[in-house]
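S.K.:
Protein chains: 2
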Amino acid sequence: MQTDAFHVFDTTLRDGAQREGITYSVADKLAVARLLDQLGVGFIEGGWPGAMPKDTDFFARAADGELALKNAVLVAFGATRKAGVRVEDDAQVQALLDSRASVITLVAKSSVWHVEQALRTTREENLAMVRDTVAFLVAEGRRVFVDCEHFFDGYALDRDYGVRLLDVAAAAGADVGVLCDTNGGMLPMGVHDVVTDVASRAGIRLGIHTQDDTGCAVANTLAAVDAGATHAQGTANGYGERAGNANIFSVIGGLVLKMGRDVLPDGCLAEMQRISHAIAEIANLAQDTHAPYVGAAAFAHKAGLHASAIKVAPLMYNHLDPEVVGNRQRILVTEMAGRASVELKARELGIELADRPDVVSAVVEIVKEREAAGWSYESADASFELLIRDQLDPDAVAPFTVESYRVISEDEGSAEARVKLAVGERKVIAIREGNGPVNALDRALRRALRRDYPQLRGLQLTDYKVRIMPGAQGTEAVTRVLIETTNGEREWTTVGVHASVIEASWLALHDAVRYGLL
Amino acid sequence: MQTDAFHVFDTTLRDGAQREGITYSVADKLAVARLLDQLGVGFIEGGWPGAMPKDTDFFARAADGELALKNAVLVAFGATRKAGVRVEDDAQVQALLDSRASVITLVAKSSVWHVEQALRTTREENLAMVRDTVAFLVAEGRRVFVDCEHFFDGYALDRDYGVRLLDVAAAAGADVGVLCDTNGGMLPMGVHDVVTDVASRAGIRLGIHTQDDTGCAVANTLAAVDAGATHAQGTANGYGERAGNANIFSVIGGLVLKMGRDVLPDGCLAEMQRISHAIAEIANLAQDTHAPYVGAAAFAHKAGLHASAIKVAPLMYNHLDPEVVGNRQRILVTEMAGRASVELKARELGIELADRPDVVSAVVEIVKEREAAGWSYESADASFELLIRDQLDPDAVAPFTVESYRVISEDEGSAEARVKLAVGERKVIAIREGNGPVNALDRALRRALRRDYPQLRGLQLTDYKVRIMPGAQGTEAVTRVLIETTNGEREWTTVGVHASVIEASWLALHDAVRYGLL
Chain A
140 MQTDAFHVFD TTLRDGAQRE GITYSVADKL AVARLLDQLG VGFIEGGWPG
190 AMPKDTDFFA RAADGELALK NAVLVAFGAT RKAGVRVEDD AQVQALLDSR
240 ASVITLVAKS SVWHVEQALR TTREENLAMV RDTVAFLVAE GRRVFVDCEH
290 FFDGYALDRD YGVRLLDVAA AAGADVGVLC DTNGGMLPMG VHDVVTDVAS
340 RAGIRLGIHT QDDTGCAVAN TLAAVDAGAT HAQGTANGYG ERAGNANIFS
390 VIGGLVLKMG RDVLPDGCLA EMQRISHAIA EIANLAQDTH APYVGAAAFA
440 HKAGLHASAI KVAPLMYNHL DPEVVGNRQR ILVTEMAGRA SVELKARELG
490 IELADRPDVV SAVVEIVKER EAAGWSYESA DASFELLIRD QLDPDAVAPF
540 TVESYRVISE DEGSAEARVK LAVGERKVIA IREGNGPVNA LDRALRRALR
590 RDYPQLRGLQ LTDYKVRIMP GAQGTEAVTR VLIETTNGER EWTTVGVHAS
640 VIEASWLALH DAVRYGLL
Chain B
140 MQTDAFHVFD TTLRDGAQRE GITYSVADKL AVARLLDQLG VGFIEGGWPG
190 AMPKDTDFFA RAADGELALK NAVLVAFGAT RKAGVRVEDD AQVQALLDSR
240 ASVITLVAKS SVWHVEQALR TTREENLAMV RDTVAFLVAE GRRVFVDCEH
290 FFDGYALDRD YGVRLLDVAA AAGADVGVLC DTNGGMLPMG VHDVVTDVAS
340 RAGIRLGIHT QDDTGCAVAN TLAAVDAGAT HAQGTANGYG ERAGNANIFS
390 VIGGLVLKMG RDVLPDGCLA EMQRISHAIA EIANLAQDTH APYVGAAAFA
440 HKAGLHASAI KVAPLMYNHL DPEVVGNRQR ILVTEMAGRA SVELKARELG
490 IELADRPDVV SAVVEIVKER EAAGWSYESA DASFELLIRD QLDPDAVAPF
540 TVESYRVISE DEGSAEARVK LAVGERKVIA IREGNGPVNA LDRALRRALR
590 RDYPQLRGLQ LTDYKVRIMP GAQGTEAVTR VLIETTNGER EWTTVGVHAS
640 VIEASWLALH DAVRYGLL
């Protein structure tokens, strides 16, 4: 568990989910929460139970034991009681208790303009809403943080109202008052001034929540910490509404590596790059290759000038050693995988290639060629392992040969697949229907192999991701399919790439089944 | 022409071209320079003549009249003379003169570590290289700026050497000393302190050049200006090596809209969004949809909470009026949204629903139901518009009826589709092959409609995105397909959801074509 001295507070699953294009299932949310816990954040804001059925479900499943967090505490987000309603009678406040989260973030309006024009209530009633709701939740044994929405814009209109609200929250038992730059219009100099002033006047621990509308969300967060805030909110990869939230990886990088604040448990910093990529995969968004610290290009050098200086001393053109954040330096002249990384990766998969330089060369060549054609082995370890094993011994993992397949898809989604294989000396044909072409192909393939490989019955396709990769200059776009398969004990991911989504799916299915036979 | 009071200095074509994936032709460079001139920057650094043949050519064509700049001055970038070489004999310095650029940026090492270890010369010789080269170019009638590479890292090692270098440059006739955070490791607080100190000691106008390795490039630039710098460098869309350079659109936004510096000619600010997109097109990179100020999502709202407040006053959840930077607000229709956002979204699409509460209710119900089943309209405006129009008048946008389709996919990706339609009283059948099932269906559908709707010939499918949505509890996973179509003038996105990837693609294709007929 994290100490309480500094709060790294993640809101990927709540505020970050406002980003255009993101729709998490409950299973996605659980997976993201596990990754954030591995990152070592202290708090994971999981959603708004009571307002969103999916979030209610997420908290229920978490409380029922599906999330075993080792670093983080799960936080539920919600609003204060409605104006003119007794807090005991407010169904949404009750839903916060029902979520069983031990920490609650309450959002409160702290700008007089929003209190009067959006909430259409009085300044005093707004303060009473905060007081009553905080006190009620604290009496029920919850720890309460208060998100002060539009704090900075409100401060510009009335520099005292927000401070009064913070004092009311503190008196009612809240632990942290989070100053929110909800519209994201601030610059670091202004944030520093406001936080310095508020810290000198308000009797509560201060937090900071920023949005990136001026491109300064990370800097604003760090400026607030420099001015006294000890609770910093952010989201993985900066996901969030409009220009996004403060990118928590950049915030952590700045705090730990630039400001010397030891805010993560030991060993966690080197997980940043992996976790950033994994969360992007779950969100089904392309990773920003140029993201600070964690992007694939964050330590990539193109300039000949720089590359030669880097030979002298790597830190001449890098602000830190990439391995500290789990990333690596890349020189872009020879862009793709090198021999060293193939060897290292093979070792990770339990295959020693030190005495097989011929295999390393062959794999490097194939990977280069395929990556140029849109393949990516980064998230498809199983396909990569098959690639190496095929080079080591072409017969080892080819227990069957595909002669042909055909799949017919008709309206309403019905599909029928026919697969012809050679298993040893025997020809096998299988025909199966499915609720779509990939399902039909999967079923036909496994049916054809059932007699020889009964263990395939336990295999299940658990995820299927498709992305269109723009072709290299002048060539067609191709479809990249990632398939995740489980045998009940472990999961593996395979990849297929082709102009046709069906052929790409078939290639990934083929690898998935071959890997299952290993 | 810009006044000289503040320099907005663009280096998209020089430092920005270091970004992975960017390769400009000379024609591309001329086109980018024209766009930057329309943006109203004062200086356009065009490249390194003498070091890169393409850049030499670019300056020659610019000087021969192919660039008629109305706001900006073209700048050539180069290095000081080599150690131990007379400046008159240095071929690269001569190439700077030959470029005919009236302004020259000279890069000089200002960190003692780099002087001694990378340049392998003495501190005094390095100063002499700056002195000689600046004096030589000034005597030839050029205006000279000096880029002080690694200034901030150098300051940490020796806080006087960089200042001495600035004084040498000034004495030799240089106009600006640009403090470069070459490795991008700074935070705004540190930048502010260093620039404040240097401004009090060095007798030269100061500029700032930052890189985004801490996610603070924009903030660092603005902090330097706050501390006294009056020359700010940046690149379009933040292009540059590693995590990139300071994004010039965000820098301009911060300077003009947040710090009240009037750094662009009248009318130019509203061109930012257009120019950002146009340069991304030339660079052949997808626009960052979440970029501050200029991204397509920079003013996009998803939360129902926010949408209802925005009906009250648009500035409640925007830090500025999007039109100021040529952008627009967008409401994303999602499960989080209610009646208010449907009404706002319809208005955005040019449909007034204020007097049709029945249609609003019906649309809200359908959206809720479909989103629960895995649909998402937030990036599929065209499908959402069809949904509303179908509710307003079921016959308005149904110029044909689908009777059936069938698509056969075989190994190696070959595919053949058959589509049966009723167009008015007539039955039409079309059969087409494609390089995959979706391509075959798209071609067959448009073939079937060609006689009645010849305008469909110009339609082209430009993007195809697929995501698997895990089903709600107990139900099957479904596939969501987003299709982007263009008619050469505009683009639209449609959505289809089904267990079968083919049926989902078909639904999205169907909407894409219907929308094309609107």
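These protein sequence lines map, in sequence, to chains A and B.
Residue numbering for the first sequence follows our numbering, beginning at 140 and increasing consecutively.
Residue numbering for the second sequence follows our numbering, beginning at 140 and increasing consecutively.
Where is the CB? At the ideal position from N, CA and C, for every residue including glycine.
At which residues does the beta strand (DSSP E) containing residue 623 of chain A begin and terminate?
M.R.: That run of the beta strand (DSSP E) goes 617-625.
S.K.: Pick helix, strand or coil for residue 653 of chain B, following the three-state DSSP scheme.
M.R.: Three-state DSSP puts residue 653 of chain B in a helix.
S.K.: Near residue 229 of chain A, what residues of its chain come up, given a Cβ to Cβ distance below 7 Å and the 5 sequence neighbours on each side ignored?
M.R.: So the qualifying residues of the chain are 220 and 221.
S.K.: On the criterion of 16 or more Cβ atoms from any shown chain inside 10 Å, does residue 168 of chain A qualify as buried, or is it exposed?
M.R.: Counting Cβ neighbours within 10 Å, residue 168 of chain A comes out buried, since at least 16 surround it.
S.K.: Taking the alpha-carbon positions, what's the residue 466 of chain B to residue 393 of chain B distance?
M.R.: Their backbone Cα atoms lie some 16 Å apart in a straight line.
S.K.: Tell me which residues share the same chain as residue 641 of chain A and place their Cβ nearer than 7 Å to its Cβ, disregarding the 5 neighbours each side in the sequence.
M.R.: Cβ within range, chain order: 546 and 576.
S.K.: Taking 8 Å as the CB-CB cut-off, is residue 633 of chain B touching chain A?
M.R.: Not an interface residue.
S.K.: Measure from the C-beta of residue 431 of chain A to each C-beta in chain B and report whether the shortest distance is under 8 Å.
M.R.: Judged by the 8 Å Cβ criterion, residue 431 of chain A is in contact with chain B.
S.K.: In the DSSP assignment, find the alpha helix (DSSP H) that holds residue 565 of chain A and state where it starts and stops.
M.R.: That residue, residue 565 of chain A, is in no alpha helix (DSSP H); its beta strand (DSSP E) goes 565-573.
S.K.: Keeping to the same chain, check which residues put their C-beta closer than 8 Å to that of residue 597 of chain A; ignore five residues upstream and five downstream.
M.R.: For residue 597 of chain A, where only same-chain residues beyond five positions count, the Cβ hits under 8 Å are 626 and 627.
S.K.: Determine the extent of the alpha helix (DSSP H) in which residue 361 of chain A is found, giving its start and end residues.
M.R.: Residue 361 of chain A -> alpha helix (DSSP H) spans 356-365.
S.K.: Below 8 Å, how does it come out for the stretch 245-265 of chain A and the stretch 286-301 of chain A: are there three or more Cβ pairs, yes or no?
M.R.: Output reads yes: the stretch 286-301 of chain A touches the stretch 245-265 of chain A.
S.K.: What does residue 606 of chain B touch in chain A if you count any residue whose Cβ is under 8 Å from its own?
M.R.: The contacting residues are 423, 604 and 605.
S.K.: Going along the chain, which residues of its own chain have a beta-carbon closer than 7 Å to the beta-carbon of residue 613 of chain B, five neighbours each way excluded?
M.R.: Confidence in residue 613 of chain B is poor, its pLDDT being 44 and thus under 50, which makes the residue's placement unreliable; the coordinate value appears in the next sentence. There are no such residues.
S.K.: Between the stretch 145-161 of chain A and the stretch 372-381 of chain A, do at least 3 Cβ pairs fall closer than 8 Å?
M.R.: These segments touch.
S.K.: Per DSSP, residue 285 of chain A forms a beta bridge with which residues?
M.R.: Answer by DSSP bridge pairing, in chain order: A:245 and A:316.
S.K.: Buried or exposed, going by whether 16 or more other CB atoms sit within 10 Å of the CB of residue 142 of chain B?
M.R.: It counts as exposed.
S.K.: Return the first residue and the last residue of the beta strand (DSSP E) that residue 545 of chain A is part of.
M.R.: Element bounds for residue 545 of chain A: 540-549.
S.K.: Determine the DSSP secondary structure at residue 143 of chain A, reduced to helix, strand or coil.
M.R.: In the structure shown, residue 143 of chain A sits in coil (DSSP, three-state: anything other than H, G, I, E or B).
S.K.: Does chain A have any CB closer than 8 Å to the CB of residue 268 of chain B?
M.R.: Taking Cβ atoms only, chain A never reaches closer than 8 Å to residue 268 of chain B, which makes this a no.
S.K.: Say whether chain A places a C-beta atom closer than 8 Å to the C-beta of residue 569 of chain B.
M.R.: No, because no Cβ of chain A sits closer than 8 Å to the Cβ of residue 569 of chain B.
S.K.: Taking the alpha carbon of residue 235 of chain B as the reference point, which residue from B:261, B:272 and B:225 has its own alpha carbon closest?
M.R.: When only C-alpha atoms are compared, the closest one is B:272.
S.K.: Looking only at DSSP bridge pairs, what is residue 600 of chain A linked to?
M.R.: Looking at the DSSP assignment, residue 600 of chain A forms a beta bridge with A:624.
S.K.: For residue 641 of chain B, which residues in chain A fall below 8 Å Cβ to Cβ?
M.R.: The contacting residues are 548, 552, 554, 575 and 576.
S.K.: Rounded to whole angstroms, what's the CA-CA distance from residue 405 of chain B to residue 192 of chain A? Just pull it up for me.
M.R.: Going by the C-alpha atoms only, they are around 50 Å apart.
S.K.: Under 8 Å between C-beta atoms, does residue 613 of chain B make it to chain A?
M.R.: Caution applies to residue 613 of chain B, whose pLDDT of 44 falls short of 50 and renders its modelled position unreliable; the value that the coordinates give is listed next. No, residue 613 of chain B does not count as interfacial toward chain A.
S.K.: When you compare each of A:360, A:486, A:417 and A:501 to residue 384 of chain A by their alpha carbons, which one comes out closest?
M.R.: If we check each option's Cα against that of residue 384 of chain A, A:360 comes out closest.
S.K.: May I ask you to list, following chain order, the residues of the stretch 498-516 of chain A that have a beta carbon less than 7 Å from some beta carbon of chain B?
M.R.: Against chain B - using a Cβ distance shorter than 7 Å - the stretch 498-516 of chain A contributes no residues.
S.K.: State yes or no: is the C-beta of residue 274 of chain B within less than 8 Å of the C-beta of residue 311 of chain B?
M.R.: Yes; because the gap between Cβ atoms is below 8 Å, this pair is in contact.
S.K.: In chain A, which residues lie with their C-beta within 9 Å of the C-beta of residue 131 of chain B?
M.R.: For chain B, the structure presents residues 140 to 657; residue 131 of chain B sits outside this window and is missing.
S.K.: Below 8 Å on the Cβ atoms is my contact criterion, and I expect residue 389 of chain B with residue 456 of chain B to pass it. Report the Cβ-Cβ distance as a whole number of Å.
M.R.: That pair is no contact at about 19 Å.
S.K.: Could you tell me whether the stretch 416-436 of chain A touches the stretch 273-291 of chain B, using the rule of 3 or more Cβ pairs below 8 Å?
M.R.: No, because fewer than three Cβ pairs between the stretch 416-436 of chain A and the stretch 273-291 of chain B fall closer than 8 Å, the two stretches do not touch.
S.K.: Quick check on the DSSP output: the alpha helix (DSSP H) that includes residue 310 of chain B runs from which residue to which?
M.R.: Element bounds for residue 310 of chain B: 300-310.
S.K.: Between which residues of its own chain and residue 321 of chain B is the CB-CB distance below 6 Å, once the five residues before and five after are set aside?
M.R.: If we look at residue 321 of chain B and ignore the five residues flanking it on each side, its Cβ neighbours are 288 and 289.
S.K.: Could you give the residue range of the alpha helix (DSSP H) that holds residue 402 of chain B?
M.R.: Segment: none, residue 402 of chain B is in no alpha helix (DSSP H) and carries neither H nor E.
S.K.: So, helix, strand or coil for residue 350 of chain A, using DSSP?
M.R.: Note: residue 350 of chain A maps to strand in three-state DSSP.
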